[in-house]
Amino acid sequence: MGTWYLVRHGETEWNRTGRMQGHLGVPLNAEGRRQAIRLAGRLRGVEFSAIYASDLARAAETAGIIADGRDLAVTPDSDLREFSGGEWEGLTLEEIETRYPGLLAERIEAGGNMGWSAPGGESAIDALQRVRRFSTRANAKLEAGENILVVAHGGTLRALVVCLLDLADTDFWKFQVDNTALAIISDHDGSRVLESWNDTHHLADVDSSDCA
């Protein structure tokens, strides 16, 4: 089965200001690049047989920083994109409430409803389906003892954990993922085990010298 290393992209200005990114190509900010550089240092001793990344800018840039200096190209995969927020992409919560009054309350009331979506956007069920496609493809290529790295987004990484650990779809809502947080899912006697989740120890004492 091998070991999966899962990473969320570094910080963007829209993360900082609370704008919904979805499928939009928002790049890393300076803090996000520092975060990715720190994570790259932490993973330097890990040999990967493949590095997969969402084709959106923030994930692709994070993966490129981690892959720098390795004889291994990053494989982009659109199935790893963040959930589409449809008409809400690019908006803050305040702007959404102004333009779509009552829909945020409807979203909260929907709770764990996997079929709910923003106008023109994806539901959690939609996104889980494409993440399952990716996990099936990647797992078919993963040999015992190998490590693969997946760099993606909060929503798709939560979906990927659900797929890999064979959890209930609604468990998707139970996971929090911070920027450049690391998760490790390993193989123990033919069963997958979540060894770590939302691990950001590499970000301790980040300073500007890490991104000169």
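Basically our numbering = 1-based index in the sequence shown + 8.
Idealized CB from N, CA, C, for every residue including glycine.
Contact between Ala-71 and Val-139 fails: their C-beta atoms lie close to 17 Å from each other, not under 8 Å. Bounds of the alpha helix (DSSP H) holding Leu-111 are 111-118. By the Cβ-count criterion, Thr-144 is exposed, with fewer than 16 other Cβ atoms from all chains shown falling within 10 Å of its own Cβ. By the C-beta density criterion, Asn-23 is buried, having at least 16 other C-beta atoms within 10 angstroms. One thing to note: Trp-96 has its Cβ within 8 Å of the Cβ of Gly-129. Contact annotation: Leu-36 and Ala-44 have beta-carbon atoms nearer than 8 Å. Rounded to whole angstroms, the Cβ separation of Gly-119 and Ser-131 is 13 Å, and the two are not in contact under 8 Å. Exclusion of the five residues before and after Ala-152 leaves Met-9, Gly-10 and Asp-195 as the residues of its chain whose Cβ lies within less than 8 Å of its Cβ.
Taken atom to atom, the span from the alpha-carbon of Leu-111 to that of Phe-56 is near 43 Å. The count of Cβ pairs closer than 8 Å, one atom from the segment 167-182 and one from the segment 61-78, stays below three, leaving the stretches out of contact.
His-210 is not a Cβ neighbour of Leu-14, given a cutoff of 8 Å.
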